[in-house]
Amino acid sequence: MTKIVILTGAGISAESGLGTFRDAGGIWTKYDLGEVATPEGFARNPALVHEFYNARRKNAAEAIPNAAHAALARLERAMPGEVLIVTQNIDDLHERAGSTAVWHMHGQMTRARCAACGETWDAPMAMRPDDPCPACAAPATRPDIVWFGEFPYHMEAIWEALRAAEIFVAIGTSGSVYPAAAFVQDAGRAGAHTLELNLEPSETVGDFAEARHGPASEIVPAWVE
Ligand code: BV8
1 MTKIVILTGA GISAESGLGT FRDAGGIWTK YDLGEVATPE GFARNPALVH
51 EFYNARRKNA AEAIPNAAHA ALARLERAMP GEVLIVTQNI DDLHERAGST
101 AVWHMHGQMT RARCAACGET WDAPMAMRPD DPCPACAAPA TRPDIVWFGE
151 FPYHMEAIWE ALRAAEIFVA IGTSGSVYPA AAFVQDAGRA GAHTLELNLE
201 PSETVGDFAE ARHGPASEIV PAWVE
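Each step along the sequence shown adds one to the number in the numbering used here, with nothing skipped, and position 115 is 115.
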């Protein structure tokens with residue numbers, strides 16, 4: 001029975017060298033979100049979108065999980081079946097650190113999906129717009145990622161886990177993207193203790209019963225211990 005639900009965002013991977021979105025110099029200061037993280041942007045210019053994710057997929061493959069990812073994997077080993085990570089991140093650093101109960105609500109850049117038939121498969125390091133789908137052969141492949149305006153994965157199961165959680169922890173997220181930013185309210189309403197672990201107060205810090213601020217590689221291991 002999941003007792004601890006942990007929501008992670010780009011901030012937990014920052015010290016592994018992967019960019020965040022809304023910090024100074026963040027990804028959305030370099031790319032127009034509307035062009036590279038919406039279905040409309042993909043329809044307009046699939047090559048640009050693949051270029052954007054190919055670069056991030058390469059960075060993520062070269063990145064190393066940090067002490068925060070490792071601490072969460074230790075926590076799961078110490079409490080088998082009771083810890084769930086719901087991540088907004090599309091990298092695989094949680095899995096590479098040893099976590100196994102990881103739900104990617106915004107999808108994964110290591111996976112590809114056919115826009116025609118919905119088939120998914122392991123993405124090659126570099127994807128091209130006209131790569132044929134292995135199932136239906138349509139030249140309609142996209143990253144298996146949830147863009148703005150698309151329905152996140154696992155929502156019903158996430159809301160069920162939030163209702164049963166005793167502790168809800170948000171790590172490395174600005175609390176600016178929904179429905180993830182409302183999870184603290186969903187969990188709090190159901191009686192969970194809510195804790196924010198972030199470099200600085202997030203947009204939703206007021207919704208948390210407790211907040212600790214500092215680099216994830218320091219405050220997450222301290223919390224896990
Ligand atoms: C949906 C995948 C219907 C792509 C992403 C108006 C009002 C409210 C909502 C909306 C609105 N208009 C539209 C919406 C809905 C929209 C939304 O929320 N828009 C926002 C911008 C207002 N949401 C959607 O469209 C979602 N779908 O709503 O469907 C629905 C409705 C209800 C229920 C079900 C369905 C789909 C959203 C998914 C979009 N895809 N990513 C990609 O990754 O390229 S979102 C994108 O933002 C990333 O996934 C990212 O993870 C996510 C959130 O960002 P963060 O992870 O928080 O990163 P950020 O840079 O913002 O913050 C980093 C934090 O880390 C900072 O606080 C920083 O201080 C901290 N930090 C930095 N370094 C460290 C650190 N912390 C610790 N240690 C450090 N070293």
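Note that the Cβ used here is the ideal one computed from N, Cα and C, for glycine as well.
Beta-bridge annotation (DSSP): residue 143 is paired with 112.
According to the DSSP assignment, residue 54 belongs to the alpha helix (DSSP H) that extends over 46-62.
Considering only 220, 90, 102, 96, the residue with the shortest C-alpha distance to residue 112 is 90. Between residue 9 and residue 108, the C-beta spacing is not below 8 Å.
Taking the Cβ of residue 32 as the reference point, every heavy atom of the ligand BV8 lies at 7 Å or farther away. Per DSSP, the unbroken beta strand (DSSP E) holding residue 196 starts and ends at 193-198. Taken through DSSP and simplified to helix, strand or coil, residue 177 comes out as coil. Annotated as distal: residue 216 and residue 175, with beta-carbon spacing of 8 Å or more. Within 7 Å of the C-beta of residue 127 there is not a single heavy atom belonging to the ligand BV8. Comparing alpha-carbon positions, the option among 179, 39, 168 lying closest to residue 191 turns out to be 168.
By the CB criterion at 8 Å, residue 68 and residue 92 fall outside the cutoff.
The beta carbon of residue 105 sits closer than 8 Å to the beta carbons of 86, 87, 88, 146, 152, 153, 154, 155, 158, 180 from its chain, once the five residues preceding and following it are set aside; these are given in chain order.
With contacts defined by Cβ atoms closer than 8 Å, residue 142 and residue 42 form a contacting pair. Taking 7 Å as the cut-off, one finds at least one heavy atom of the ligand BV8 near enough to the beta carbon of residue 147. With three or more CB-CB distances shorter than 8 Å, the segment 44-51 counts as touching the segment 123-133. Rounded to whole angstroms, residue 99 and residue 32 show a C-alpha spacing of 32 Å.
Proximity to residue 178 across 148, 20, 164 peaks at 148, based on C-alpha coordinates.
When beta bridges are read from the DSSP output, residue 168 appears opposite 5, 194.
Annotation: the continuous beta strand (DSSP E) that includes residue 84 extends over 83-87.
Here residue 58 has 125 as same chain residues with Cβ atoms under 7 Å from its own Cβ, once five neighbours each way along the sequence are excluded.
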